[in-house]
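Enquirer: What follows is a single structure, and I will ask about it in a moment.
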Amino acid sequence: MSTHDHSRSSGFCLVLKTEVGMSLAEHLKACIKTEGPLPLELFLEKVMTTTQDSYYAEANRFGKGGDFITAPEISQLFGEILAAFQAWLWELSGSPDANEMIIFEAGPGRGTLFEDMHRSWRQICPQMAAAPVTFLETSPYLRSVLTSRFSGLDIHLAKTADNLPEVPLFGVANEFFDALAIRQAIKRDQGWVWRAIGLDVDQFVFCDGPALHPDEMRQHKLAADAPADSVAEFSPASEAVLARLARHVARFGGGVLICDYGKSNRQDDSLQAVRAHKAVPILDMPGLSDISHLVDFAALARCAEAQGARLVGPVEQGRFLSELGIEKRAETLRRKDDPERDRALSAALDRLCAPQHMGGLFKVALLVPGGEGLPAGFASLRELDLQPNERRGG
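Okay, so the sequence shown: first residue is 1416 according to our numbering, each after it adds one.
Structure representation (structure tokens):
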């Protein structure tokens, strides 16, 4: 996306948003009618995060009563396994005292995952339980929920990953990167163009935006002879956050677990929208549906490497959890006198670990300082006979 197109539309729309009583859809349509098609990236930013009527600015979006269910809502087992992994990483990092590290979560939602992890740390790693916590969260509603829910802890709310304390960071980003805005380039007969959002009889539609400049073609390594209608995705927002965390981890130590929908390259159109647990058209009722995309782990790995850090993986979530003993942990929670509880536990395990469910759809990667070897949870990479840095294609 060319810089002048983005800034021109953005500046106009920010002024337009001040008009009283204008819905998000009306605001976006007015932008398009006055300024022309909106770059896809800008449209997604406004729909998901940056306006007062955007998706995550509203109340409950999670769980059975919301639009989607995340792994922590399925079972406490997910958070317990991640907490145990981070405790292992803490020990591997020299067991810093509570005041010599920070706990970090990007996109914590209502805090369900953190609560499960913190409960586990109170038992297995009191130092981590006592450490200050930074939540990367922009939603005013969710920031309020987190402040109230964890009022007894040393909680810091951040809108960016900048200016973090200069100490080891132990963090997690669960279903965070898939919600950040992306750009899409699409191949037409005349060359590659940026994808945009326009109007057709007052309905939102995808349309072609500006053509990519030659320097953009080189930057993104787009082939001039690619098949017609090929799509390539890029997420500058994701890469910016990853780069900032990678610089921190490379300099101060620690590690960040990333759990998300994922792929190993930038190819193909992966945008999807969900409302009330059902797939819906992406441009239908903007601000009322969860729009996400498959995370390009190869691009994140390149960002990490450029900052002197390393992204291990990704591996399938099911393999990661199984290797770390989620089934054994589940057995300790079973009760012979409570068959209903056992059935619910088995169903949760299936959803979290089965290849046809989240176990295969979700991927797990680990951001750590540069080094070699495969940590616990990532042994399945050996089956591919590939080191993580050899898998960064695309």
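Glycine residues also receive a C-beta, built at the ideal position from the N, C-alpha and C atoms.
These numbers come from a predicted model, not from an experiment.
1) Which of the three DSSP states, helix, strand or coil, is assigned to residue 1736?
2) Measure the C-alpha to C-alpha separation of residue 1745 and residue 1760 and round it to an integer number of angstroms.
3) Decide if residue 1590 is buried, meaning its Cβ has at least 16 other Cβ atoms within 10 Å, or exposed.
4) Under a three-way DSSP split, which group does residue 1580 fall into?
5) Out of 1538, 1575, 1544, 1710, which has the shortest C-alpha to C-alpha gap to residue 1554?
6) Identify the continuous alpha helix (DSSP H) that holds residue 1755 and give its terminal residues.
7) Look up residue 1492 in the DSSP assignment and say whether it is helix, strand or coil.
8) Can you list, in chain order, the residues of its chain with a C-beta nearer than 6 Å to that of residue 1688? Leave out the 5 residues immediately preceding and following it.
9) State yes or no: is the C-beta of residue 1598 within less than 8 Å of the C-beta of residue 1649?
10) Excluding sequence positions up to five away, which residues of its chain have a Cβ less than 6 Å from the Cβ of residue 1459?
11) Taking the C-alpha atoms as reference points, what is the distance between residue 1481 and residue 1755?
12) Decide if the segment 1760 to 1772 is in contact with the segment 1720 to 1734; the criterion is three or more beta carbon pairs, one per stretch, under 8 Å apart.
13) Whether or not the segment 1577 to 1584 and the segment 1624 to 1632 are in contact is what I'm after, with contact meaning three or more pairs of Cβ atoms, one per stretch, closer than 8 Å; do they touch?
14) Where do the ends of the alpha helix (DSSP H) carrying residue 1722 lie?
15) Comparing alpha-carbon positions, which option in 1533, 1718, 1463 lies nearest residue 1700?
16) Alpha carbon to alpha carbon, how far is residue 1605 from residue 1645?
17) Please determine if the segment 1607 to 1614 and the segment 1450 to 1458 are in contact, where contact requires at least 3 C-beta pairs separated by less than 8 Å.
18) Quick one: Cα of residue 1572 to Cα of residue 1639, how far?
19) Going by C-alpha to C-alpha distance, which of 1620, 1607, 1713, 1654 sits closest to residue 1633?
20) Using a Cβ-Cβ cut-off of 7 Å (strictly less than) and excluding sequence neighbours within five positions of residue 1663, which residues of its own chain qualify?
21) From which residue to which residue does the beta strand (DSSP E) around residue 1771 run?
22) Which residue marks the beginning of the beta strand (DSSP E) containing residue 1525, and which one marks its end?
23) Quick check on DSSP: helix, strand or coil for residue 1574?
24) In chain order, what residues of the same chain lie with their CB nearer than 6 Å to the CB of residue 1516, ignoring the 5 residues before and after it?
25) Identify whether residue 1536 lies in helix, strand or coil by the three-state DSSP scheme.
26) DSSP state of residue 1636, grouped into three classes?
27) List in chain order: all unbroken beta strand (DSSP E) runs of 3+ residues lying wholly within the segment 1645 to 1719.
28) If we ignore side chains and look at the alpha-carbon of each, how far apart do residue 1602 and residue 1621 end up?
29) Using a 10 Å radius around the Cβ and a threshold of 16 neighbouring Cβ atoms, would you call residue 1668 buried or exposed?
30) Judging by CA-CA distance, which residue of 1718, 1543, 1486, 1748 is the nearest neighbour of residue 1510?
31) So who's on the other strand from residue 1598, going by DSSP bridges?
32) Take residue 1683 and list the residues in its own chain whose beta-carbon comes closer than 7 Å to its own, dropping the five residues that flank it on each side.
33) Mind checking residue 1593: buried by the 16 CB within 10 Å criterion, or exposed?
34) Heavy atom of the ligand ATP less than 7 Å from the Cβ of residue 1793, yes or no?
35) From the DSSP output, which residues share a beta bridge with residue 1549?
36) Tell me the residue span of the beta strand (DSSP E) that contains residue 1619.
Expert: Quick look at the numbers:
1) helix
2) 7 Å
3) buried
4) coil
5) 1575
6) 1754 to 1768
7) helix
8) 1695, 1697, 1704, 1706
9) yes
10) 1596
11) Annotation note: pLDDT 49 at residue 1481 (below 50); position unreliable, coordinate value reported separately. Cα to Cα, residue 1481 sits roughly 25 Å from residue 1755.
12) yes
13) no
14) First-last for residue 1722: undefined, no H or E at that position.
15) 1463
16) 13 Å
17) yes
18) 45 Å
19) 1607
20) 1579, 1584
21) Element bounds for residue 1771: n/a, residue is neither H nor E.
22) Where residue 1525 is concerned, there is no enclosing beta strand (DSSP E), given that its DSSP letter is neither H nor E.
23) coil
24) 1546, 1582, 1583
25) helix
26) coil
27) 1646 to 1649, 1669 to 1678, 1687 to 1690, 1693 to 1695, 1705 to 1707
28) 14 Å
29) buried
30) 1543
31) 1649
32) 1646
33) buried
34) Ligands in the displayed structure: none, and consequently the ligand ATP is not present.
35) 1519, 1571
36) 1618 to 1626
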